[in-house]
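Novice: In the working numbering, the protein residues as written are -1 to 486. Backbone N, C-alpha and C define an ideal beta-carbon position, used for all residues, glycine too. Since we're looking at a predicted model, the values are computed, not measured. My questions all concern the structure below.
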Amino acid sequence: MRKYEFWFVVGSQFLYGPETLAIVDARAKEMAEELSKVLPYPLVYKVTAKTNKEIKDVVKEANFRDECAGIITWCHTFSPSKMWIDGLRDLQKPWLHFATQYNKEIPNDEIDMDFMNLNQAAHGDREHGFIGARLRKPRKIVAGYWKDEKIHKRIGDWMKAAVGAAFSKDLKVMRFGDNMREVAVTEGDKVETQIKLGWQVNTWAVGDLVKEMGKVTEAEIDALVAEYEAAYDIATDNTAAIRYQAREEIAMKKMMDREGCMAFSNTFQDLYGMEQLPGLASQHLMAQGYGYGGEGDWKVSAMTAILKAMGENGNGASAFMEDYTYHLVEGQEYSLGAHMLEVCPSLAADKPRIETHHLGIGMNEKDPARLVFEGKAGPAIVASLIDMGGRLRLIVQDIEAVKPIMPMPNLPVARVMWRAMPDLTTGVECWITAGGAHHTVLSYDVSAEMLRDWARMMDIEFVHITKDTTPEKLEEELLVKDLIWKLK
């Protein structure tokens, strides 16, 4: 991951005089330094802007500095918003308007007109907010005292979404073969997606991967198998299957790293020259931050990589997922999510096991090795990006993952069980109404609010299914969104 930072741009004007501006400058530096200690990325104080040129110059620099993932603005005093027009109009990075003030309380005994002239954030931020609205510029607005933990959490989450946006703009996806035949939702407009989201999605032949696998040495395989043994419990005697998965992983990683790709997809229908569908190989690559999509689903592959980049330490608990089957006993309604082989171990409640089993689908010549585990309990989300023809729609549903209510001893795959919001059947109705795919990204680290911010940054439609959503309300919302987005 690139070492990202965010720039703090403070607004003022010359009318207050040099002494006041010196205080504003000192306070801005102090705030940036203190906030950098508690935020996930550094906040770099750049300027107290007093002219159109200062604002244009800092925006121009931000646009072309790769390490700058976004700007945070604050108006300590009154900053006339006409001088912000040119800079904000040209801004290409995510923008957070921080409506705060240096002091927490009104100092009853000390307050006088000098204090009022210096502390005009309530005045300045409203002027600043107007120009953002007038320009119809996408932005996040966070209001509150700059030392409060809840404010740190909100700004930190926005920062992670902005890093996801920066990551998205540079993302390359390697497709091994094409999509699963006749599947609709895994298709999409790759040109429009690159224009909108920045993804470069291209195909490499499975035969190219097979050639790369042939170049992998036994010493390389030995080293990777040692990593497997350190990270996972070995619950199979079929060491040949494990070594074959290592060979696949090494070859895929070499090809992706050579091309600068952080996401990949494949399909069990196209394993030309391969003995096994990559299972353990795909899972261990995901554990390193690569995105994956089964059945050629390049959209979920890219979204998995993006949510991982947005998560804790730049590789959070996010994974490719699929709703497989439901438990519809009244009062115990749950969804069981899994995939044939490829669920990231970042979701595991306990140490995963490497097992080898027959896979009764696809073109496998031999039984693939894979990680088997149960997902951890806790609040999470599932997210699906779909192509609506002319626009992209990101659908996010709140869920509550639970410890599976039954052991399922004969199910040889990684799995997560969850309660969908607002409840299983209503949630299913809402998901289907919105057009959500069967493939999702499940995340414990990334919140719906972070994905709302990301969707705003990328200028795509966002749909959120919550505990309060009803099919009727959602239908009305989708109708309005359809009209709005057709006018855009």
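What do you get for M111, buried or exposed, if any count of 16 or more other CB atoms within 10 angstroms of its CB means buried?
Specialist: Exposed.
Novice: Is the stretch 357 to 367 touching the stretch 288 to 305 in the sense that three or more CB pairs, one from each, lie closer than 8 Å?
Specialist: No: the two stretches stay apart, fewer than three of their Cβ pairs being nearer than 8 Å.
Novice: By how many angstroms is the C-alpha of W202 removed from the C-alpha of K349?
Specialist: Straight-line Cα distance between these residues: approximately 34 Å.
Novice: By a C-beta neighbour count over all protein chains shown, 10 Å radius and 16 as the cutoff for buried, is A20 buried or exposed?
Specialist: Classification of A20: exposed, given that the 10 Å Cβ count is below 16.
Novice: Taking C-beta to C-beta, are V57 and L89 nearer than 7 Å?
Specialist: Yes, Cβ-Cβ distance for V57 and L89 is below 7 Å.
Novice: Going by alpha carbons, who is nearest to P136 out of I70, A224, A435, M404?
Specialist: Of the listed residues, the one whose Cα sits closest to P136 is I70.
Novice: Along the chain, where does the alpha helix (DSSP H) that runs through S263 open and close?
Specialist: No alpha helix (DSSP H) contains S263, which is instead part of the beta strand (DSSP E) from 261 to 263.
Novice: Would L94 and W156 qualify as a contact pair, given that the criterion is a beta-carbon distance under 7 Å?
Specialist: Closer than 7 Å, so yes.
Novice: In whole angstroms, what is the alpha-carbon distance linking T323 and I219?
Specialist: Spanning the two alpha carbons is a distance of roughly 36 Å.
Novice: Are the beta-carbon atoms of G487 and S299 separated by less than 7 Å?
Specialist: Absent from the model: residue 487. The displayed extent of the chain is -1 to 486, so no value can be given.
Novice: Which full runs of the alpha helix (DSSP H) of 4+ residues lie inside the stretch 189 to 248, going along the chain?
Specialist: Within the stretch 189 to 248, the complete alpha helix (DSSP H) runs of at least 4 residues are 204 to 212, 216 to 229.
Novice: Locate the alpha helix (DSSP H) running through T431, then write down its first and last residues.
Specialist: Taken as a continuous stretch (DSSP letters only), the alpha helix (DSSP H) holding T431 covers 422 to 432.
Novice: Just the Cα atoms here: how many angstroms apart are G434 and A163?
Specialist: Distance between the alpha carbons of G434 and A163 is about 22 Å.
Novice: From E340 to Q281, what does the alpha carbon distance come to, in whole angstroms?
Specialist: C-alpha separation (whole angstroms): 5 Å.
Novice: Out of curiosity, what's the CA-to-CA distance linking E273 and A160?
Specialist: Taking the straight line from one Cα to the other gives about 41 Å.
Novice: Where does Y226 land, buried or exposed, given buried means 16+ other C-beta within 10 angstroms?
Specialist: Classification of Y226: buried, given that the 10 Å Cβ count is 16 or more.
Novice: By Cβ distance below 8 Å, which residues in the same chain neighbour T234 in space, the five residues on each side in sequence not counted?
Specialist: Closer than 8 Å at the Cβ level, and outside the excluded window around T234, lie I240, I352, E353, T354, A367.
Novice: Flag this pair as yes or no: are the beta carbons of P40 and E3 separated by less than 7 Å?
Specialist: Yes.
Novice: Cα-Cα, which of A119, D187, E210 is closest to N200?
Specialist: Considering only alpha carbons, the answer is D187.
Novice: Is it the case that the Cβ atoms of P343 and V370 are separated by a distance below 7 Å?
Specialist: Taking 7 Å as the Cβ cut-off, P343 and V370 do not qualify as a contacting pair.
Novice: Does the separation of the CB atoms of V414 and L357 fall below 7 Å?
Specialist: No, the Cβ-Cβ distance between V414 and L357 is not below 7 Å.
Novice: Unbroken beta strand (DSSP E) runs of length 3 or more, entirely within the stretch 340 to 413: which are they?
Specialist: Whole beta strand (DSSP E) segments, 3+ residues: 351 to 354, 367 to 370, 376 to 385, 390 to 400.
Novice: Going by DSSP, what residue range makes up the alpha helix (DSSP H) through G122?
Specialist: Run containing G122: 119 to 132, per the alpha helix (DSSP H) assignment.
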